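Once you know that position 354 of the sequence shown is 367 in this note's numbering, the rest is easy, because the numbers rise by one and skip nothing. One structure below.
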Amino acid sequence: MLHQPIIVFIRRIWILGVLTVFIILLIGAGSMKLSAVFSSNLKNKVIVIDPGHGGADPGAQNSGLKEKDINLDVSLRLRESLESKGCIVIMTREVDKDFYRPGFVLGRMAKRSELDKRVNIATENNADLFISVHTNSFPRPNTYGMETYYHLKSSPGKALAELIQKQLTQLQSDNKRKSKAGDYYLINQSKIPAVIVEVGFISNTRERNLLLSNDYRDSIAAAIGTGIEHYFNVFPQGIQESVQTVSQEGPPFNSENTYKLYYPSSDLESLVPEDRHINRSLWSKLTLVQKSNLVLCELIQGPQTVTSIRTIAPKTKILSLTIQNGIATIDFSKDIRDDFPGGALLEDITIKSIVWSMTQIPGINAVSILINGEYGDSIGGHILLDHTFPIQP
Ligand SMILES: [Zn+2]
14 MLHQPIIVFI RRIWILGVLT VFIILLIGAG SMKLSAVFSS NLKNKVIVID PGHGGADPGA
74 QNSGLKEKDI NLDVSLRLRE SLESKGCIVI MTREVDKDFY RPGFVLGRMA KRSELDKRVN
134 IATENNADLF ISVHTNSFPR PNTYGMETYY HLKSSPGKAL AELIQKQLTQ LQSDNKRKSK
194 AGDYYLINQS KIPAVIVEVG FISNTRERNL LLSNDYRDSI AAAIGTGIEH YFNVFPQGIQ
254 ESVQTVSQEG PPFNSENTYK LYYPSSDLES LVPEDRHINR SLWSKLTLVQ KSNLVLCELI
314 QGPQTVTSIR TIAPKTKILS LTIQNGIATI DFSKDIRDDF PGGALLEDIT IKSIVWSMTQ
374 IPGINAVSIL INGEYGDSIG GHILLDHTFP IQP
């Protein structure tokens, strides 16, 4: 009789203990799941989604279907997709409305101010990307296929458009369209990387029927979301527009169709050039930033010759790349420092391999190296990156 309360007490403690362990496990699992979801490069990226048209402006119409309604529905699904990846999403509209000034629905200036209001939402919110969703229509009913447009002079816009279009065409195996530069007011006015995604032609019977399906709309939203995710995986802090004041005529070819990457020889005594092949007409279409980015990405990949030595740690990412007055400023992720295997000699030759490889590109005369956004850091602790490194003789 006397022992009973003690047994009850012990039992309670035991139950309490099990419960505590259970709760700790539950919290642990929960936070693991949360960090898995939000550990991507999309975390806290501000994306403005603009469902095209709305209110007094229905956009394209066919068989009772209005563009403004499809745009809004796909955009709301895209918001869901991006929010699940950790983005902060701002919608220019969440309902069927327009941005006309009261009494100014007609005329060119009316449309301009309507579109300005949409772009301003991105500017005011300091957004990272502007995605305008539209639906296409064309007089020829057999025309079909999703399309993505960017501003001709925007290299980040182009990169984003290409990555989104790649995902969209995976939904349409017969869609051979590439992303295109388009002279659209929205993307022309935008100060941040902007694209227009045309999710299909309602003038094409097959595509119109597909666009009526919720599953298909979900898969479009998911594809755009994946394209945006890939953009921030390649450029975690976006690509900054460059001011190209130096002529970028001519490719960096030392011979007909090759450029060179410089890697140290096995004894670290010299830099040995390795040829990389490139299509000359492809090269001529790239902007200076894109050319630099290509050479740098290749350099990070490492040498193909077994006797040459890798310089930049393979995990290193290019956080940003800007070119101004002939100086390329490269912001590397901290992996270039944290995974650096060598000493002072390799450090010196690593910087040289970057500078030699970059300055062979006409238009680049010097290189400035940042690590994780910091100026004046060091790759191996011997050389301070507090000055620009000029072209090597
Ligand atoms: Zn439209």
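Beta carbons are placed, not taken as given, at the ideal position from N, Cα and C, and that holds for glycine. The model shown is predicted, which means the values in this text are computed figures rather than measured ones.
Same chain only: Cβ atoms within 7 Å of residue i, ignoring 5 sequence neighbours per side
| i | result |
| --- | --- |
| D352 | A326 and K328 |
| T320 | S278 and S279 |
| V118 | A69 |
| R92 | I62, V102 and M104 |
| A135 | V61, F143, S203 and I205 |
| E127 | D111, F112 and Y113 |
| Q261 | Summary for Q261: the model assigns pLDDT 39, below 50, so the residue's position carries little reliability; its value from the coordinates is reported in the next sentence. Hits under 7 Å: L301, P375 and G376. |
| D390 | R350, I384 and L398 |
| G315 | R323 and P327 |
Which listed residue (the options) has its alpha carbon closest to that of residue i
| i | options | result |
| --- | --- | --- |
| Q202 | S168, H164, R106 and I233 | H164 |
| Q69 | Y272, T372 and R114 | Note on residue identity: the sequence assigns Ala, not Gln, to residue 69. Of the listed residues, the one whose Cα sits closest to A69 is R114. |
| A140 | V59, I331 and N338 | V59 |
| T318 | D288, L295 and A341 | D288 |
| K166 | N138, L142, I144 and G195 | G195 |
| Y388 | M159, F345 and M122 | F345 |
| V102 | I364, E80 and D63 | D63 |
| L383 | L334, I237, L199 and N57 | L334 |
| R190 | I177, D390 and L78 | I177 |
| G407 | F143, H147 and T156 | Coverage of the chain is limited to positions 14 through 406, which leaves residue 407 absent and any answer about it impossible. |
| I205 | G72, S305, L284 and N133 | N133 |
| P154 | N217, L199, L181 and A135 | N217 |
| N57 | E282, Y276, P249 and S305 | P249 |
| I343 | Q183, M371 and G158 | M371 |
| R90 | V210, N75 and N227 | N227 |
| S150 | G72, L274, Q183 and A174 | G72 |
| L301 | E107, P316, D129 and N338 | N338 |
| D348 | T324, S381, Y229 and S366 | T324 |
| L312 | E282, I367 and P354 | I367 |
| A379 | G386, L78 and L398 | L398 |
| E282 | K365, P403 and Y197 | K365 |
| R219 | I200, N75, L309 and Y157 | Y157 |
| I209 | S53, L78, N292 and T148 | T148 |
| I200 | E137, G238, D129 and T239 | D129 |
| I336 | S381, Q373 and V308 | S381 |
Residue i: CB within 7 Å of a non-hydrogen atom of ligand 1
| i | result |
| --- | --- |
| E80 | yes |
| H66 | yes |
| A73 | yes |
Residues of its chain near residue i, where Cβ-Cβ distance is below 8 Å and the 5 sequence neighbours each way are ignored
| i | result |
| --- | --- |
| V50 | With a pLDDT of 43 at V50, under the threshold of 50, the predicted position of this residue should be treated as unreliable, though the coordinate-derived value follows. These residues qualify, in order along the chain: S97, K98 and G99. |
| K298 | none |
| L55 | L95, K98, G99, C100, I241, E242 and F245 |
| H395 | G356, A357, E360 and D361 |
| D109 | G67, G68, K81, D82 and L85 |
Residues that residue i bridges to, as DSSP identifies them
| i | result |
| --- | --- |
| L397 | S391 |
| G67 | D70 |
| D344 | S333 and L383 |
| H147 | E211 |
| E160 | E211 |
| L176 | Per DSSP, none; premise fails for L176. |
| P371 | It should be pointed out that residue 371 corresponds to Met in this sequence rather than to Pro. According to DSSP, M371 bridges with nothing at all. |
| Y276 | V285 |
| F402 | V380 |
| L78 | N75 |
| V61 | I103 and F143 |
| S53 | According to DSSP, which records beta bridges pairwise, S53 is partnered with nothing at all. |
| A194 | Y163 |
| S321 | S278 |
Sequence-distant residues of its chain with Cβ nearer than 6 Å to residue i (five each side left out)
| i | result |
| --- | --- |
| I233 | V87 and V212 |
| H290 | N270 and T271 |
| E254 | Bear in mind that a pLDDT of 49 at E254, under 50, signals an unreliable position, so the model cannot answer this. |
| Y229 | L223 |
| R221 | I215 |
| M122 | none |
| P286 | K273 and Y275 |
| C310 | none |
Whole-Å CB distance - residue i paired with residue j, under 8 Å assumed
| i | j | result |
| --- | --- | --- |
| D125 | T105 | The residue asked about is misnamed: residue 125 is Arg in this sequence, not Asp. The Cβ separation is near 15 Å, so there is no contact. |
| I331 | T401 | About 18 Å separates the two Cβ atoms, so there is no contact after all. |
| G65 | S145 | 6 Å |
| T161 | S192 | 4 Å |
| L224 | I83 | 6 Å |
| R350 | I392 | 5 Å |
| L173 | A236 | Not confirmed; about 13 Å, so no contact. |
Check: residue i C-beta below 7 Å from any heavy atom of ligand 3
| i | result |
| --- | --- |
| H147 | This structure lacks ligand 3; its bound ligands are ligand 1. |
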